[in-house]
Structures are given as structure tokens and as C-alpha cells.
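*Asks:* Protein sequences, first through last, are from chains A and B. Heads up: the first sequence begins at 420 in my numbering, then just goes up one per residue. Heads up: the second sequence begins at 420 in my numbering, then just goes up one per residue.
There are 2 protein chains.
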Amino acid sequence: MQDGNDKKDGTEAVKGTQTLMRALDIMDEVIDGPIRAADLARKLGMSKTTAHRLVQALKSRNYLSVTRDGFALGPKLLQLGVLATEQIDYVRVARPFMELLSDRTGFCVFVGKREGDWSRHLDRVTGTQRLRVATAPGDRRPVAETGLGKALLLDEDEASWERLYGEAKDGKVTPAQIQAYVVEMRGHKARGEVLHDSELGDGVRSIAVPIRDAKGQICIAISIASAAHYLTDDLRDGLAEQVMRSAEQISAAVGYAGPR
Amino acid sequence: MQDGNDKKDGTEAVKGTQTLMRALDIMDEVIDGPIRAADLARKLGMSKTTAHRLVQALKSRNYLSVTRDGFALGPKLLQLGVLATEQIDYVRVARPFMELLSDRTGFCVFVGKREGDWSRHLDRVTGTQRLRVATAPGDRRPVAETGLGKALLLDEDEASWERLYGEAKDGKVTPAQIQAYVVEMRGHKARGEVLHDSELGDGVRSIAVPIRDAKGQICIAISIASAAHYLTDDLRDGLAEQVMRSAEQISAAVGYAGPR
DNA sequence: CGGGGCGTTCCATATAGAGGAAAGCGTATC
DNA sequence: GATACGCTTTCCTCTATATGGAACGCCCCG
Numbered sequence: 420m421q422d423g424n425d426k427k428d429g430t431e432a433v434k435g436t437q438t439l440m441r442a443l444d445i446m447d448e449v450i451d452g453p454i455r456a457a458d459l460a461r462k463l464g465m466s467k468t469t470a471h472r473l474v475q476a477l478k479s480r481n482y483l484s485v486t487r488d489g490f491a492l493g494p495k496l497l498q499l500g501v502l503a504t505e506q507i508d509y510v511r512v513a514r515p516f517m518e519l520l521s522d523r524t525g526f527c528v529f530v531g532k533r534e535g536d537w538s539r540h541l542d543r544v545t546g547t548q549r550l551r552v553a554t555a556p557g558d559r560r561p562v563a564e565t566g567l568g569k570a571l572l573l574d575e576d577e578a579s580w581e582r583l584y585g586e587a588k589d590g591k592v593t594p595a596q597i598q599a600y601v602v603e604m605r606g607h608k609a610r611g612e613v614l615h616d617s618e619l620g621d622g623v624r625s626i627a628v629p630i631r632d633a634k635g636q637i638c639i640a641i642s643i644a645s646a647a648h649y650l651t652d653d654l655r656d657g658l659a660e661q662v663m664r665s666a667e668q669i670s671a672a673v674g675y676a677g678p679r
Numbered sequence: 420m421q422d423g424n425d426k427k428d429g430t431e432a433v434k435g436t437q438t439l440m441r442a443l444d445i446m447d448e449v450i451d452g453p454i455r456a457a458d459l460a461r462k463l464g465m466s467k468t469t470a471h472r473l474v475q476a477l478k479s480r481n482y483l484s485v486t487r488d489g490f491a492l493g494p495k496l497l498q499l500g501v502l503a504t505e506q507i508d509y510v511r512v513a514r515p516f517m518e519l520l521s522d523r524t525g526f527c528v529f530v531g532k533r534e535g536d537w538s539r540h541l542d543r544v545t546g547t548q549r550l551r552v553a554t555a556p557g558d559r560r561p562v563a564e565t566g567l568g569k570a571l572l573l574d575e576d577e578a579s580w581e582r583l584y585g586e587a588k589d590g591k592v593t594p595a596q597i598q599a600y601v602v603e604m605r606g607h608k609a610r611g612e613v614l615h616d617s618e619l620g621d622g623v624r625s626i627a628v629p630i631r632d633a634k635g636q637i638c639i640a641i642s643i644a645s646a647a648h649y650l651t652d653d654l655r656d657g658l659a660e661q662v663m664r665s666a667e668q669i670s671a672a673v674g675y676a677g678p679r
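(1) Can you tell me the Cα-Cα spacing of B/Glu586 and B/Tyr600, whole angstroms?
(2) Let me check understanding here. Comparing Cα to Cα, which of B/Val474, B/Ala647 and B/Leu497 lies closest to A/Gly635?
(3) Classify A/Leu572 as helix, strand or coil using the three-state DSSP reduction.
(4) Using a 10 Å radius around the Cβ and a threshold of 16 neighbouring Cβ atoms, would you call B/Arg533 buried or exposed?
(5) Using 8 Å as the threshold, is the stretch 638-647 of chain A in touch with the stretch 587-598 of chain A, meaning 3 or more CB pairs across them?
(6) Does A/Lys532 get closer than 8 Å to chain B when you measure Cβ to Cβ?
(7) Considering A/Thr486, what are the terminal residues of the beta strand (DSSP E) in which it resides?
(8) Output the distance between the C-alpha atoms of A/Gly546 and A/Val528, rounded to the nearest integer angstrom.
(9) Give, in chain order, every residue of the stretch 511-545 of chain B whose Cβ lies closer than 9 Å to some Cβ of chain A.
(10) For a minimum of 3 consecutive residues, which ranges assigned as the beta strand (DSSP E) are wholly contained in the stretch 496-537 of chain A?
(11) Under a three-way DSSP split, which group does B/Gly703 fall into?
(12) If I'm right that A/Ile669 touches A/Ile630 with Cβ under 8 Å, what's the distance once you round it to whole angstroms?
(13) A/Val485 to B/Gly531, Cα distance in whole Å?
(14) Taking only beta-carbon positions, decide if B/Met440 is within less than 8 Å of chain A.
(15) Check whether chain B comes within 8 Å of A/Lys591, counting only Cβ atoms and requiring the distance to be less than that.
(16) What is the rounded straight-line gap between the Cα of A/Met663 and the Cα of B/Arg559?
(17) Output the boundary residues of the beta strand (DSSP E) element that contains A/Asp616.
(18) Measure the Cβ-Cβ separation of B/Ile626 and B/Ala671 and say whether it is below 8 Å.
(19) Just checking: is the beta-carbon of A/Pro594 within a distance shorter than 8 Å of some beta-carbon in chain B?
(20) Should B/His540 be labelled buried (16 or more other beta-carbon atoms within 10 Å of its own) or exposed?
(21) Does A/Asp425 come out as helix, strand or coil in the three-state DSSP assignment?
(22) Along chain B, which residues have their Cβ under 9 Å away from the Cβ of A/Gly674?
(23) Report the neighbours of B/Gly557 on chain A: residues whose CB is nearer than 7 Å to its CB, in chain order.
(24) Would you list, in sequence order, the uninterrupted alpha helix (DSSP H) runs of no fewer than 4 residues that lie entirely inside the stretch 437-473 of chain A?
(25) Terminal residues of the continuous beta strand (DSSP E) containing B/Pro594?
(26) So, does the CB of B/Ala476 fall closer than 8 Å to a CB anywhere in chain A?
(27) For the beta strand (DSSP E) that A/Arg559 lies in, which residues bound it at each end?
(28) Put B/Pro556 into one of helix, strand or coil per three-state DSSP.
(29) Step through the CB atoms of chain B and report whether any lies within less than 8 Å of the CB of A/Gly568.
(30) On a Cα-Cα basis, can you pick out the residue from B/Leu502, B/Leu483 and B/Val628 that is closest to A/Ala491?
(31) Just to confirm my understanding: we take B/Ala647, look at its own chain, exclude 5 residues before and 5 after, and list those with CB closer than 6 Å. What are they?
(32) Output the boundary residues of the alpha helix (DSSP H) element that contains A/Gly623.
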């Protein structure tokens with residue numbers, strides 16, 4: 420967080436663009452629902468004249484539309500939204516955050532997406548630790564039995580968890596095992612984070628968190644992984660916190676605006 | 420087409436917003452895919468400095484993102500796109516165009532959307548003619564057997580046409596009838612317009628055309644309707660032309676950007 | 001090494017945009 | 001029906017703002 424180009428606070432960033440910035444401020448206000456020009460002027464501390472001029476300009480370009488109770492988001496945004504969806508590359512967006520997370524924690528970092536009943540590894544950043552987890556981009560595993568996969572499932576209902584777990588185990592599961600799995604998933608869901616110990620007996624442990632797109636849907640997931648030996652219980656909370664923060668940042672970067 | 424707020428040509432509209440307009444021009448260029456700042460300056464006839472400043476400003480607000488080969492649409496647009504989708508009210512957008520169409524043709528104008536295997540009438544404008552078609556907003560009919568419904572089906576495959584037609588007729592159809600229906604629908608699809616004579620024996624005839632959203636999908640349909648007595652064969656082409664033009668305008672107004 | 005492309009910074013200038021004032025309009029209030 | 005309020009819209013003046021030229025650092029290519 421020591422680099423200076425944060426824009427958390429909001430307003431000052433590039434100088435020499437007052438008009439543009441004010442117009443974009445207007446867009447931000449309109450996000451919260453239709454609003455009248457006079458209210459915009461008040462809220463944003465500009466004259467009615469200015470608000471009016473900007474609003475008219477945005478309307479003329481279809482960024483805003485006029486409704487009975489003020490200005491609302493316009494049709495141009497529908498078009499841009501669809502095109503942006505096509506242009507955005509989740510992996511590329513996630514990359515810098517993965518590197519940051521790896522730098523801070525030292526662990527390997529992975530991202531993956533769901534493909535039907537499978538989880539596909541899309542990218543990884545090898546950490547600084549000697550021990551590396553071997554899973555390579557492109558690998559596919561049953562979605563119910565990896566940390567990344569379980570994070571991708573957090574929005575599913577319990578029936579799906581049961582089905583996918585059963586299928587991952589090829590049907591060789593007892594009702595008690597299924598029940599235990601569901602209980603475990605409930606816990607993950609409640610915390611918004613998955614702690615997973617590999618069932619392959621290789622002692623690999625991972626912490627995975629889902630990433631949400633602009634629609635609020637889980638689109639990919641991020642995880643850190645290492646030997647359980649390194650990823651110890653007392654480190655767990657701190658690390659989980661960091662992974663979740665990274666996930667939140669990536670979610671924001673792909674357009675997620677928080678639960679609404 | 421005599422109203423003056425067209426913006427086909429492009430640039431001049433509201434004065435006193437050069438900066439904003441230039442920034443939006445940049446957005447329009449970026450729509451066509453990633454582009455570098457220097458190219459933007461050339462294409463839009465501004466100095467590199469200006470292009471740079473605007474692009475940085477847009478990036479700082481996440482309207483643009485940086486990629487290997489230039490600037491691309493940013494994540495903010497994903498968010499705005501989703502929200503705009505929620506805020507948009509197709510009926511309200513369509514209303515003025517419906518009134519215009521009714522004024523010009525004198526016929527009743529309807530819009531409706533698909534609900535599963537049904538077609539739901541959403542709004543209507545009563546024309547100037549004495550004869551009025553009684554279908555009221557809220558009415559629901561099998562999607563395969565109304566003009567509006569058939570327009571909503573133009574993107575479906577032939578298997579769906581067969582199924583829906585069969586279900587609308589409650590299974591009481593001969594293979595020959597089904598075949599005739601499919602052939603008829605093929606014709607409608609090719610022309611992008613549906614001419615429909617009511618099967619209720621009330622002599623009602625309609626011309627319906629689909630309206631597309633930003634994703635290119637058919638979201639609603641518009642139709643004009645009257646007694647076959649008024650909506651005669653020699654009027655048909657001219658009227659169909661007008662309905663299609665209205666549909667195109669509404670499509671554009673809800674974000675449709677043409678086939679891509 | 002030198003040339004051409006790009007992104008970025010600096011600065012003096014003109015001009016674009018801010019905001020006050022006031023005119024239309026529609027809707028509430030009495 | 002008269003008066004008042006709030007919103008939109010237009011006009012106009014002045015200066016803060018955005019502009020573009022010049023110049024720098026960087027990378028790639030020949």
C-alpha cells in the first residue's frame with residue numbers, strides 16, 4: 420500500500436479534467452437510482468447551470484436517459500457493458516493482485532474457474548518458498564474436491580454440494596461422509612473462505628476465496644497453497660484475511676459493486 | 420424523422436462540454452477494441468497531451484483499463500452495464516416510439532414480451548381508427564399463435580417452433596400443419612417481420628417485429644393490428660417497413676448496437 | 001549508434017466552462 | 001384565480017481550466 424496512485428478517497432487524481440471528473444461524478448450518483456438535476460447540483464456542490472450542462476451532454480450521448488423522476492443510466496451503458504464483458508480477461512486482471520499476494524505471503528497463488536462439474540486451473544504465481552505446489556495452469560479436477568473448486572461452489576445450494584461430492588467420489592461415499600461434507604461447506608460459506616486439506620495424502624493445504632463479477636456471481640476463485648507444514652493453524656486467520664482482501668480487490672477490479 | 424435531436428452525424432450537440440465530449444469520443448473509439456493513446460490522438464484530431472490526459476482520467480475512474488495492446492473498456496462499465504440493465508424499463512423506452520408509429524399509421528400498436536411458452540402483452544397505444552383491437556395489457560396467449568409471439572420466436576430453432584406450435588394447439592395438429600407452420604416461420608424470419616392473421620376467426624390481422632437488447636437477444640416485440648379489412652395486402656409492405664423502422668429505433672434506444 | 005515510435009511531464013496561453021441572474025413552466029397552496 | 005415555490009433552461013461575463021507545443025525518458029529496430 421505504499422505506492423501513491425490510490426484512488427480510494429475518490430476525487431483528486433488526474434488534474435486538468437475537471438469537466439470530465441464532474442461528469443463521471445454525476446454518473447456515480449445516478450448509479451444509486453434516478454435523480455434530478457437540481458439534486459445533483461446540491462450533492463456534488465456545483466451550480467445548477469453546470470449540472471444541467473453536463474447532464475444534457477451525457478444525455479445527448481445516451482449515457483443518461485430521462486425518466487419521470489429524474490435522470491437514469493442510459494442505453495449506451497448497456498452496449499458498453501456487454502462489450503466490456505467480452506473484452507475483459509479475468510486472468511489478466513487478477514495477475515497483479517496474485518503477484519502482490521504471493522509477495523506478501525510467500526506462498527504459491529492460483530486462480531481457477533468452474534467448468535461444469537470440474538474446476539480448471541487458469542494461472543498461478545510461484546511463491547518464494549522452496550516448496551512449490553505442482554498444479555499447473557490447465558489442470559482439471561473435480562470441483563468438489565479442491566480448495567479452489569469448493570470456493571467456486573459457495574453459492575450453490577446444499578443439494579448441489581451433495582451431488583457434486585458424490586460424483587467426485589464416484590459414488591463411493593456413505594451418507595455420513597456426505598453429511599460431514601455439507602456441514603463443512605456451510606462453515607466455509609459462513610466465513611466466505613475455504614480451508615482445504617488435500618485428500619491425495621500429499622499434505623497440501625490451501626485457502627481459497629471466490630471472486631465475483633459485476634453481476635455478483637462467482638466467476639473465478641483465488642487460492643494460496645503450500646504444505647500443511649508451512650500453512651499452519653496459527654497462520655491461518657491472518658492468511659485467510661489477506662486472501663480475502665485480494666479477492667475483494669479483484670472482484671472490484673472486474674466490476675463487482677458489493678452485495679446490493 | 421423531422422425532429423431535430425438526431426445524433427447520427429456525431430459530434431456537435433451540447434456546447435460547453437468539449438472535454439467531456441472528447442472523452443466520450445475516446446470511449447467510442449475504444450469500443451472497436453484496444454487502441455493506443457497515440458492512435459486516439461490521431462484519429463480524433465487532438466494533441467497527444469490531451470489524449471493522454473483524458474485517457475489517464477478515464478483509467479483512474481476505471482472506465483478504461485490498460486492492456487498489452489492499448490486501452491480497453493474498463494471494469495466500471497461492467498458495473499454500470501449491469502445496473503443499467505436493472506434500471507431500464509423497456510415499456511417506458513418504447514412508449515414514445517409506439518405513439519409515433521400509431522400517429523403515422525393510425526393503427527393500434529402493441530408491445531409484448533415472452534414468458535416461457537406464453538406471450539404477454541405489456542402496453543398498447545390505441546390508434547385513431549374507429550375499429551380497435553381489444554387485447555389489453557396483461558393478456559397472455561400462447562407464444563406460437565399471436566403475431567407478437569411469433570416475432571418473439573424468430574431466433575428460435577425449428578424444433579422449438581414445432582414444439583410450441585404443437586403445444587399451443589394442444590397436440591391436435593397434423594404433421595402437415597406443423598410443416599406448414601415451420602415454412603411460414605422461415606419466411607417471417609427471412610424478412611425479419613411477421614404478418615399474422617388471427618386464428619380466432621375475428622378477422623384481426625397484425626404485423627409484428629422483434630426488438631433486440633444490448634446483447635442482441637430479442638427482448639420484446641412490437642406490432643400493429645387492425646381488421647384485415649383495413650390492413651390490406653397493398654398496404655402491407657409500406658406498413659411493415661414502418662414497423663421495422665420503429666423496432667430498429669427502439670432496439671437502438673435500449674442499447675442494441677447492430678449484429679456483430 | 002541514431003532514428004522513430006510511444007508514454008509522460010512542463011508550461012504559457014486562449015478559450016472553454018463555471019456560475020450568477022433571470023426567464024419559462026409546471027405544480028402546489030391558499 | 002392569484003401567489004408562491006421548485007425545477008429546467010437560456011444568456012452572458014470572467015477567470016480558472018484545459019489545450020497543445022516542446023522536450024524528456026524509454027524501448028525496439030535497423
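Backbone N, C-alpha and C define an ideal beta-carbon position, used for all residues, glycine too.
*Replies:* On the basis of the coordinates in this document:
(1) 13 Å
(2) B/Leu497
(3) coil
(4) buried
(5) no
(6) no
(7) Leu483 to Thr486
(8) 7 Å
(9) Arg511 and Val512
(10) 527-534
(11) For chain B, the structure presents residues 420 to 679; residue 703 of chain B sits outside this window and is missing.
(12) Contact between A/Ile669 and A/Ile630 is confirmed by a C-beta separation of about 5 Å, below the 8 Å threshold.
(13) 22 Å
(14) yes
(15) no
(16) 48 Å
(17) Val613 to Asp616
(18) In terms of Cβ geometry, B/Ile626 and B/Ala671 do not form a close pair [threshold 8 Å].
(19) no
(20) buried
(21) Its pLDDT being 33, under 50, A/Asp425 is placed unreliably in this model, and the value from its coordinates should be taken loosely. Coil at A/Asp425, not helix or strand.
(22) Asn481, Gly493, Pro494, Lys495, Leu496, Leu497, Gln498, Leu499, Gly500 and Val501
(23) Below the 7 Å Cβ cutoff, chain A contributes no neighbours of B/Gly557, its closest Cβ being approximately 21 Å away.
(24) Listed in chain order, the complete alpha helix (DSSP H) runs (minimum 4 residues) inside the stretch 437-473 of chain A are 437-450 and 456-463.
(25) Where B/Pro594 is concerned, there is no enclosing beta strand (DSSP E), although the alpha helix (DSSP H) it sits in stretches over Pro594 to Arg610.
(26) yes
(27) Arg559 to Pro561
(28) coil
(29) no
(30) B/Leu502
(31) Gly622 and Arg624
(32) What sits at residue 623 of chain A in the sequence shown is Val, not Gly. Taken as a continuous stretch (DSSP letters only), A/Val623 belongs to no alpha helix (DSSP H), being part of the beta strand (DSSP E) at Val623 to Arg631.
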